[in-house]
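Residue numbers for the sequence shown, in full-length UniProt numbering: 32 to 489. A short worksheet on the structure shown next.
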Amino acid sequence: PGLPAARVRSTFLDFFREKHGHLLVPSSPVRPRGDPSLLFVNAGMNQFKPIFLGRADPRSEMASYRRVVNSQKCVRAGGKHNDLEDVGRDVYHHTFFEMLGNWSFGDYFKEEACSMAWSLLTEHYGIPADRLYVSYFSGDAESGLTADEETRQIWLDIGVPPKRLLPFGLKENFWEMGDTGPCGPCTEIHYDHVGGRDASSLVNTDGPDVVEIWNLVFMQYNRDVDRSLLLLPQFSVDTGMGLERLVSVLQGKQSNYDTDLFTPLLHAIHQRSGVGPYSGRTGADLGKVDTAYRVVADHIRTLSVCIADGVHPGMSGAELVLRRILRRAVRFCVEVLQAPRGTLANLVPTVTNILVNISLNDSGLNEYFVRTSGSVAWSLHRDLGFPLDLVDLMLEERGVRVDHQELDRLMAENQKVSVRSQVTLDVVSLAELHGAGVPHTDDSLKYRYTLDQDRYVF
Ligand code: ATP
Ligand code: MG
Ligand code: MG
Ligand code: MG
């Protein structure tokens, strides 16, 4: 019951695009482009960082952005925003999630941002206002930052009762992208899953009953390397709402794992496991079956999305983080869920189905898992040892024409880099194959893996 995830997302995008004149910008890949301060894209605003800083190339399309909306693939594992340790223990932090966001670059500011957010949640999604709490920045004397009374007044004018408006300090209500970069005071909307009570003391206490859903950041500063705050050339609005959390609210579930973004995946895991079905326990179950279900479901999404975006498990930086995620996934799969070898790889098609189905409903977001045939061919050859002419045949039989220019480029590139270790990952290849429309059930693609070497071979 409730709005399917695909509709939740398209409603958000349509609201800002059609009703409020925002331009829909596709998600960037999770691998950050030219930003060494980041391991993974951790928020929707990352790709717009040059605009905030006033450094967008004036000839670029980006330079003309005023109002933008998007749904961004985010990974929070490593770096300033690292949720890896929470995943599986709670029901609302993932390593990969989608962040719905709207932006104003020097266009509207606090008042319009707050009233649009409130109208979307309460009128369009129909969330009862008495389940919502709003936090705002209480100031920080040490940094010379004053309380954001302006925002408090805006919420009062919108009709939020004073007892639901709560001040918080730097940690909760001053958002920063990383150790350096754009930042500013924020105001956040929290949802009480239980209702019928005063839950204000539960806001920002990291429990499952009252969960933060939407963050509206008023970008005003740039945090410099020496920690000082410099005023930005223009004030902007940057918002981010976790799709999975919003979907759980709208589907009347207290756990993100009980929504249509996860249930098919948990079901697919159960079909392959040697243990009972997922039953949603937390706490006492720590380290046990349900936690393992959540970890595996979370990690296979992250692995699939990262690999499809070109971050492969490896030996340093983001690649090492991904390798750790792969090891954790394998461990929970084998040791706790008693699933046979190859289980992770088998889950990739379920992940792509869940994510692709959502994307297909939203024009402009079909980027998910779109692979170039050249890189698929190359990975079949490099990772799996298929002769290239056979790869050509295999792909063409399935209606995929190999882009030979791209293939040549990848070959040349690879000759420069010392031949990568023999690591061959079935999740890699299956994510790629599936994206290219190659059915995963192909009998010629039988795989196995050896756990101790993190090695996957067909
Ligand atoms: P939390 O306090 O719950 O850790 P946050 O304050 O770190 O969240 P923001 O940086 O404000 O999160 O990100 C904006 C929104 O993205 C959040 O309000 C939440 O809905 C969503 N979000 C953040 N982290 C995660 C995560 N690890 N998994 C799923 N959704 C997330
Ligand atoms: Mg967090
Ligand atoms: Mg928070
Ligand atoms: Mg937040």
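The beta carbon of each residue, even a glycine, is placed where N, CA and C say it ideally should be.
Nearest CA to the CA of residue i: which residue from the options?
i	options	result
leucine 84	Cys214, Asp210 and Gly132	Cys214
alanine 94	Leu54, Ala376 and Tyr252	Leu54
glycine 283	Asp223, Asn384 and Phe199	Asp223
glycine 119	Tyr96, Val336 and Gly311	Gly311
glycine 109	Gly137, Phe71, Asp88 and Pro89	Phe71
serine 135	Val268, Arg40, Lys202 and Lys80	Val268
asparagine 101	Leu115, Val433, Leu351 and Asp45	Asp45
alanine 160	Thr177, Gly226, Cys217 and Ser68	Gly226
glutamate 444	Glu143, Trp409, Glu207 and Arg162	Trp409
arginine 332	Ala376, Gly345 and Arg362	Ala376
aspartate 340	Pro32, Arg98, Val106 and Ile300	Val106
valine 382	Phe293, Ser150, Tyr139 and Val342	Phe293
valine 365	Val122, His301, Lys202 and Phe199	His301
valine 336	Ser58, Gly373 and His155	Ser58
aspartate 257	Val242, Gly212, Cys145 and Lys111	Gly212
alanine 74	Ile158, Phe128 and Ile82	Phe128
threonine 270	Gly348, Tyr139 and Arg355	Tyr139
methionine 157	Asp291, Asp289 and Gly33	Note that residue 157 is glycine in the sequence shown, not methionine. With distances taken between Cα atoms, glycine 157 lies closest to Gly33.
histidine 112	Trp149, Glu203 and Ser174	Glu203
glutamate 173	Pro193, Thr153, Leu201 and Pro192	Leu201
Just how far apart, CA to CA, sit residue i and residue j?
i	j	result
leucine 378	threonine 236	34 Å
valine 367	leucine 274	29 Å
asparagine 77	methionine 130	11 Å
proline 371	aspartate 255	50 Å
histidine 298	arginine 86	47 Å
arginine 195	leucine 281	21 Å
leucine 438	leucine 263	43 Å
serine 286	threonine 182	30 Å
valine 124	alanine 328	Before going further, note that residue 124 is histidine rather than valine in the sequence given. Roughly 12 Å separates the two Cα atoms.
glutamine 369	tryptophan 245	37 Å
methionine 442	glutamine 436	10 Å
serine 166	aspartate 423	57 Å
methionine 250	phenylalanine 266	6 Å
proline 60	glutamine 103	8 Å
glycine 137	tyrosine 96	9 Å
isoleucine 189	glycine 345	50 Å
leucine 353	arginine 362	14 Å
leucine 233	tyrosine 164	10 Å
glycine 209	arginine 98	24 Å
threonine 42	proline 67	34 Å
isoleucine 220	aspartate 434	47 Å
proline 198	glutamine 184	12 Å
leucine 421	arginine 90	44 Å
aspartate 321	serine 304	12 Å
aspartate 121	leucine 419	45 Å
arginine 359	leucine 115	10 Å
histidine 155	methionine 147	10 Å
tyrosine 324	valine 306	10 Å
aspartate 229	aspartate 179	24 Å
aspartate 474	valine 242	Residue placement at aspartate 474 is flagged as unreliable, the pLDDT there being 29, under the threshold of 50; a coordinate-derived value is accordingly withheld.
aspartate 171	proline 35	41 Å
Between which two residues does the alpha helix (DSSP H) containing residue i stretch?
i	result
proline 81	80 to 83
leucine 260	Element bounds for leucine 260: not the alpha helix (DSSP H) but the beta strand (DSSP E), 260 to 273.
glycine 348	348 to 362
lysine 194	It is not in any alpha helix (DSSP H) - lysine 194 carries neither H nor E in the DSSP assignment.
glutamate 143	141 to 150
phenylalanine 205	That residue, phenylalanine 205, is in no alpha helix (DSSP H); its beta strand (DSSP E) goes 205 to 207.
glutamine 184	180 to 189
proline 295	294 to 303
valine 234	Unbroken run through valine 234: none, as it is neither H nor E.
isoleucine 338	320 to 339
residue 18	Past the edges of the chain, shown from 32 to 489, lies residue 18, and the structure says nothing about it.
valine 39	36 to 45
Can a CB atom of chain D be found closer than 8 Å to the CB of residue i?
i	result
glycine 190	Annotation note: the requested chain D is absent from the structure, which comprises a single protein chain.
In the DSSP assignment, find the unbroken beta strand (DSSP E) run with residue i in it and report its ends.
i	result
lysine 111	No beta strand (DSSP E) contains lysine 111, which DSSP labels as neither H nor E.
aspartate 223	212 to 223
arginine 254	241 to 254
residue 19	This structure cannot settle anything about residue 19, because the visible part of the chain is limited to 32 through 489.
arginine 120	Neither: arginine 120 is in no beta strand (DSSP E) and is coded neither H nor E.
alanine 163	The sequence as given places leucine at residue 163; alanine does not occur at that position. From DSSP, the beta strand (DSSP E) with leucine 163 extends over 163 to 168.
What I want to know is whether the C-beta of residue i ends up closer than 7 Å to one or more non-hydrogen atoms of ligand 5.
i	result
histidine 125	No copy of ligand 5 appears in this structure; the ligands present are ligand 1, ligand 2, ligand 3 and ligand 4.
Name the DSSP beta bridge partners of residue i, please?
i	result
cysteine 105	Phe128
arginine 98	Ser135
leucine 54	Val99
aspartate 171	Leu176
- Item | Exercise answer, beta-carbon shell around ligand 4 heavy atoms below 6 Å | Glu219, Glu243 and Asn246
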